[in-house]
Amino acid sequence: MSGKVAYINARVIDPASRIDHAASPSGGVLTDGTKIMAMGPDIFNGGRPDDAEIVDCGGAVLAPGLVDMRVDFCEPGAEHKEDIDSGSHAAAAGGVTAVVTLPDTDPPIDDVSVLEFVARRARDVKLVKVFAYATITRGGNSDELVEMGLLRQAGAIAFTDGRRSVVNAKTLARALKYALAFDALIVQHAEEPNLSSGGVMQSGELSTRLGLPGIPREAETIMLNRDIALVRMTGGRYHAAHVSTAEGVACIRAAKAEGLRVTCDTAPPYFALNELAVGEYRTFAKLSPPLRTEDDRQAVVAGLADGTIDCIASDHFPQDQESKRLPFELAEFGSSGLESLLALTLELVHNGHLSLPEALAKVTSAPSALLNLPTGRLAAGTSADLVIFDPDRPTRIEPDSFTSKSKNSPFDGRLVQGQVIRTVVDGRTIYLRDA
Amino acid sequence: MHLAESRPYIPALMTASTTGISVPNLPAEIPFPHRHLLGIQELSPDEIGYLLDLSNAYAEHNRARGDKLDLMRNKTLINLFFEDSTRTRTSFELAGMRLGADVINIAVANSSIKKGETIIDTAMTLNAMHADALAVRHSNAGAVKLLSEKVNCAVINGGDGSHEHPTQALLDALTIRRHKGHLQGLLVALCGDVAHSRVARSNIYLLQTMGARVRVIAPPTLIPPAMERLGVEVFHDMRAGLEDCDIVMMLRLQRERMEGSFVPSVHEYFKFYGLDYDKLQHAKPDALIMHPGPMNRGVEIDSDVADDIDRSLIREQVEMGVAVRMACLDVLTRKRQADTP
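Residue numbers (my numbering), protein chains in the order written: chain A, -11 to 423; chain B, 12 to 352.
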């Protein structure tokens, strides 16, 4: 992109450098082409550059664009649910400038050719930055390791079998160990599949009343405890995706205290909803892991507040109508999350659990640092990947107006505060809210 | 036979039927606000009482070999069974016919339509057929409710997964009431595969709503999570659990759960949880035996006990089933008629 843009009147927050400048007409961010040129509370004191386009942010927050470390764009294989184009537009509308897509596509990203296909599609779409995980095992469901070194060279950000757990302890131990050679992170959906098999929601009074097979919390904690033991054994780098239980948070907390290289994320449903959202068989609330109890939800919030939970990811898993308009047991798991990620993360701020910079760190600098991504911060010389948003504006989550191909949000109708105004990637505005 | 707390309009129906007049003289305002009958959980004690009273009147009508009624003349009942059933389907069929309805059976389980995938499509098809009432059974919890949201006629849940089976609970309650005179204060034991039983859940809700106490007796693997939160007492020892019980209700053990997965063997199950005279003697001397059928003789119930004409209500349960379904169809179709100008 050519030309300079001066973003004025913005409260500039960069969690990575702990910058939080109040909005002023003489301060803000100046970008030139794809990069940030300067930023600060008084950079325009000596006047604005004559050749710059002026963007008056009207007192809104300007922050690094969101980095969503867990999305599914369903391409290749399930383009009727989402594709890289529609998913990128959904991300842009959600203030997300970089995503990391899951590899359990069809075919899965378990070799360089599929990875390159995704990269090429993302280049063609040229909207948000699309990074990709590769699977840990061939097919994402075997005990044979993928070519981690070659995939890493080709750009795989980290390794995960996506929505499947690596069940075989020996396989996971080898993956953790082998990945050390390439400093690669192993990301695990921690769920013991024998214990959870057949289950469709949290096990308990509600599942008993609804007559639905349950998934006990222990499915998560058994796998986490085992995996942490394997991390201790191998010295590997391990990240637990979408931690959802109180005991799971406690496992991670203990592993961190022990000095193990263990991190984790969670997703908005696990800090903003509990099992009651299932109500009378609402399939939009059928998620994996399942929505847990109120005690678990509170523990997840506490884990976010004390830093045990490093990141928040949308866990964007689009499902078409046909996959959700079914009896609960037959419906697919998953929710469309990109376009509600920011507003739900801001709930943690409005509810007093996190400061605004702390909350933003969970969706910008923290995932970026964890995955070593060249984005997620504001500094002179870095990519101009920005989001401008009003953190207070009351709004309602309306899935029917989602840009995503799929509208399966368990937050349907929820009143929230916070609205994306503009999304910028490499200096180029890719989303601008209608005034 | 005990006839419990009759209400003014009940004798009217009975008079009507015995004199061959087919339209019962019922109050214009039906004390039943629901469009569908999806579960017992949504019913108040008064609504349950009303359904039981009306069912009882139909039971008497049927027992007196009363004439076929014409309450549902020119109306269509469709039995839509996504899961195999002979007993319940036949019962609905007979109930519809005795009310004068045209009855059609669609056995989806045997047709090329695969389960679940087409439930919304099925609803659209049924709407086009202008049915007045649907009796639906499905192997997934919540599926009947899902269907009810998409159709423009009254829906009766004929059993959805492990969720609810309201007409079964009503017929069980009617059977009990006719023998004990009331439900209030009775101690009822539900024995067997509670975890997977919609019959157990509907019975628990109904009996508790009407003031009875409920115990469940089963091996721990067949008790669902947080069972005691439903207000029942949980026992794993059959003799202890049956102590002081007025009613012993046995549940069917599904064949696929018998061998090794939930219980080690049929042999062991019968030894500890099968109802025989030895275990039965721990219940009250006048305790009565029930089973929703179909029975696995020698698995959950000893043949002699099941056939004991002094203690077993199993045959009467089937008889009451038709009466209860007549009452439910009657209420819902009249309700529907009253609602549509």
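For every residue, glycine included, the Cβ atom is placed at its ideal position computed from N, Cα and C.
message: Does residue 174 of chain B pass the burial test, meaning 16 or more other C-beta atoms within 10 Å, or should it be called exposed?
response: The sequence position of residue 174 of chain B within the second sequence is 163, counting from 1. Buried, by the Cβ-count rule.
- prompt: Are the stretch 397 to 404 of chain A and the stretch 85 to 98 of chain A in contact at 8 Å, needing three or more beta carbon pairs?
  reply: no
message: Considering Cα atoms alone, identify which of A:154, A:262, A:172 is closest to residue 190 of chain A.
response: Mapped onto the first sequence, residue 190 of chain A falls at position 202. Residue A:262 is the option with its Cα nearest to residue 190 of chain A.
- request: Quick one: measure Cβ to Cβ for residue 81 of chain A and residue 327 of chain A, integer angstroms, because I've assumed they're closer than 8 Å.
  value: Reading the first sequence from its first residue, position 93 is the one you call residue 81 of chain A. Reading the first sequence from its first residue, position 339 is the one you call residue 327 of chain A. Right, the Cβ-Cβ distance comes to about 5 Å (below 8 Å), so this counts as a contact.
- prompt: So what does DSSP say about residue 344 of chain B, is it helix, strand or coil?
  reply: The residue you call residue 344 of chain B lines up with position 333 of the second sequence. Correct three-state label for residue 344 of chain B: helix.
query: Leaving out five residues before and five after residue 95 of chain A in sequence, what residues of the same chain have Cβ atoms less than 6 Å from its Cβ?
result: Taking the first residue of the first sequence as 1, we reach residue 95 of chain A at position 107. Correct list, in chain order: 102.
message: Quick check: the Cα distance between residue 244 of chain B and residue 333 of chain B, rounded to an integer number of angstroms?
response: Along the second sequence, read from residue 1 onward, the residue named residue 244 of chain B stands at position 233. Along the second sequence, read from residue 1 onward, the residue named residue 333 of chain B stands at position 322. Residue 244 of chain B and residue 333 of chain B: Cα-Cα distance of roughly 31 Å.
field: Pick from A:14, A:-9, A:298 that is closest to residue 46 of chain A, judged by C-alpha positions
entry: Sequence index remark: in the first sequence, residue 46 of chain A carries index 58 (1-based). Ranking A:14, A:-9, A:298 by Cα distance to residue 46 of chain A puts A:14 first.
- request: Helix, strand or coil for residue 2 of chain B, going by three-state DSSP, please let me know.
  value: Residue 2 of chain B cannot be examined here, being either before or after the span of chain B that is shown, 12 to 352.
Secondary structure of residue 221 of chain B, DSSP reduced to three states: Numbered from its first residue, the second sequence carries residue 221 of chain B at position 210. Here residue 221 of chain B sits in coil by DSSP.
Exposure label - residue 232 of chain A; buried when at least 16 CB within 10 Å: In the first sequence, residue 232 of chain A corresponds to position 244, counting from 1. By the 10 Å Cβ count, residue 232 of chain A comes out buried.
field: Within 8 Å of chain A by C-beta, residues of the stretch 225 to 250 of chain B in sequence order
entry: 235, 236, 237, 238, 240, 241
- prompt: What separation, rounded to the nearest whole angstrom, lies between the Cα atoms of residue 134 of chain A and residue 150 of chain A?
  reply: Residue mapping note: residue 134 of chain A aligns to position 146 of the first sequence, counting from 1. Residue mapping note: residue 150 of chain A aligns to position 162 of the first sequence, counting from 1. The alpha-carbon atoms of residue 134 of chain A and residue 150 of chain A are separated by roughly 14 Å.
Residues near residue 398 of chain A in its chain [Cβ-Cβ closer than 8 Å; skip 5 each side]: In the first sequence, residue 398 of chain A corresponds to position 410, counting from 1. Once the five neighbours on either side are set aside, the close Cβ partners of residue 398 of chain A are 257, 261, 265, 270, 272, 273, 275, 279, 323.
query: Along the chain, where does the alpha helix (DSSP H) that runs through residue 497 of chain A open and close?
result: Summary: the structure shown does not reach residue 497 of chain A, with chain A confined to residues -11 through 423, and so no result is reported for it.
query: Going by the beta-carbon positions, is the gap between residue 199 of chain A and residue 165 of chain B smaller than 7 Å?
result: Within the first sequence, the letter at position 211 stands for residue 199 of chain A. Within the second sequence, the letter at position 154 stands for residue 165 of chain B. Going by C-beta atoms, residue 199 of chain A is not nearer than 7 Å to residue 165 of chain B.
query: Does residue 313 of chain A get closer than 7 Å to chain B when you measure Cβ to Cβ?
result: For the purposes of this step, residue 313 of chain A is taken as residue 325 along the first sequence, with counting starting at 1. For residue 313 of chain A, the answer is yes, since a Cβ of chain B falls inside 7 Å of its Cβ.
field: Straight-line gap, residue 256 of chain B to residue 303 of chain B (C-alpha atoms, nearest Å)
entry: For this step, residue 256 of chain B is matched to residue 245 along the second sequence. For this step, residue 303 of chain B is matched to residue 292 along the second sequence. Straight-line Cα distance between these residues: approximately 18 Å.
message: Measuring alpha carbon to alpha carbon, tell me which residue in A:378, A:412, A:392, A:8 is nearest residue 371 of chain A.
response: Looking up residue 371 of chain A in the first sequence gives position 383. Residue 371 of chain A has its Cα closest to that of A:412, out of A:378, A:412, A:392, A:8.
field: Beta-carbon spacing of residue 312 of chain A, residue 396 of chain A below 7 Å
entry: Taking the first sequence and counting its residues from 1, one reaches residue 312 of chain A at position 324. Taking the first sequence and counting its residues from 1, one reaches residue 396 of chain A at position 408. Contact: yes.
query: Under a three-way DSSP split, which group does residue 358 of chain A fall into?
result: The residue labelled residue 358 of chain A in the question sits at position 370 within the first sequence. Helix, per DSSP.
message: Could you compute how far the alpha carbon of residue 54 of chain A sits from the alpha carbon of residue 174 of chain A?
response: For the purposes of this step, residue 54 of chain A is taken as residue 66 along the first sequence, with counting starting at 1. For the purposes of this step, residue 174 of chain A is taken as residue 186 along the first sequence, with counting starting at 1. Their Cα atoms are separated by approximately 22 Å.
query: Looking only at its own chain, which residues have a Cβ that is under 6 Å from the Cβ of residue 32 of chain A, when we skip the five neighbours before and after it?
result: Working through the first sequence from its first residue, we reach residue 32 of chain A at position 44. Excluding residues within five positions, the ones whose Cβ falls inside 6 Å are 14.
- prompt: Looking only at its own chain, which residues have a Cβ that is under 8 Å from the Cβ of residue 213 of chain A, when we skip the five neighbours before and after it?
  reply: Residue mapping note: residue 213 of chain A aligns to position 225 of the first sequence, counting from 1. So the list reads 239, once near-sequence residues are dropped.
field: Top-ranked residue by Cα proximity to residue 89 of chain B, from B:51, B:76, B:146, B:105
entry: In the second sequence, residue 89 of chain B corresponds to position 78, counting from 1. When each option's Cα is compared against that of residue 89 of chain B, the closest is B:146.
query: Using a Cβ-Cβ distance under 7 Å, would residue 269 of chain A count as near chain B?
result: The residue you call residue 269 of chain A lines up with position 281 of the first sequence. For residue 269 of chain A, the answer is yes, since a Cβ of chain B falls inside 7 Å of its Cβ.
message: Taking the alpha carbon of residue 86 of chain A as the reference point, which residue from A:361, A:219, A:112 has its own alpha carbon closest?
response: In the first sequence, the residue the question calls residue 86 of chain A occupies position 98. Minimum Cα distance to residue 86 of chain A is reached at A:361.
query: Per DSSP, residue 301 of chain B forms a beta bridge with which residues?
result: Working through the second sequence from its first residue, we reach residue 301 of chain B at position 290. Note: residue 301 of chain B sits in a beta bridge opposite B:260.
message: Rounded to the nearest angstrom, what separates residue 359 of chain A and residue 220 of chain A at their Cα positions?
response: Start at 1 with the first residue of the first sequence, and residue 359 of chain A comes out as number 371. Start at 1 with the first residue of the first sequence, and residue 220 of chain A comes out as number 232. Near 21 Å, if we compare the C-alpha coordinates of residue 220 of chain A and residue 359 of chain A.
message: Using the Cβ count rule (16 or more neighbours within 10 Å means buried), how would you classify residue 321 of chain B?
response: Taking the first residue of the second sequence as 1, we reach residue 321 of chain B at position 310. The residue is exposed, with fewer than 16 neighbouring Cβ atoms inside 10 Å.
- request: Using a Cβ cut-off of 9 Å, pull out every chain B residue sitting near residue 153 of chain A, in sequence order please.
  value: Within the first sequence, numbered from 1, the residue matching residue 153 of chain A stands at position 165. Near residue 153 of chain A there are no residues of chain B at all, since even the closest Cβ is about 22 Å away, more than 9 Å.
field: Short CB-CB distance (under 7 Å) between residue 170 of chain B and chain A
entry: One-based indexing of the second sequence puts residue 170 of chain B at position 159. False, the Cβ-Cβ gap to chain A never drops below 7 Å.
message: I need the DSSP call for residue 212 of chain B, collapsed to helix, strand or coil.
response: Here residue 212 of chain B refers to the residue found at position 201 of the second sequence. Residue state, collapsed to three classes: helix.
message: Output needed in chain order: residues of the stretch 174 to 200 of chain A with a Cβ under 8 Å from some Cβ in chain B.
response: 191, 192, 193, 195, 196, 197, 198, 199, 200
- request: Give the C-beta separation of residue 250 of chain B and residue 191 of chain B to the nearest angstrom, bearing in mind that I take them to be a contact with Cβ-Cβ under 8 Å.
  value: As a first step, residue 250 of chain B must be located in the second sequence, where it is residue number 239. As a first step, residue 191 of chain B must be located in the second sequence, where it is residue number 180. That pair is no contact at about 22 Å.
- prompt: Which two residues bound the contiguous alpha helix (DSSP H) that contains residue 244 of chain A?
  reply: If you number the first sequence from 1, residue 244 of chain A lands on position 256. Taken as a continuous stretch (DSSP letters only), the alpha helix (DSSP H) holding residue 244 of chain A covers 234 to 245.
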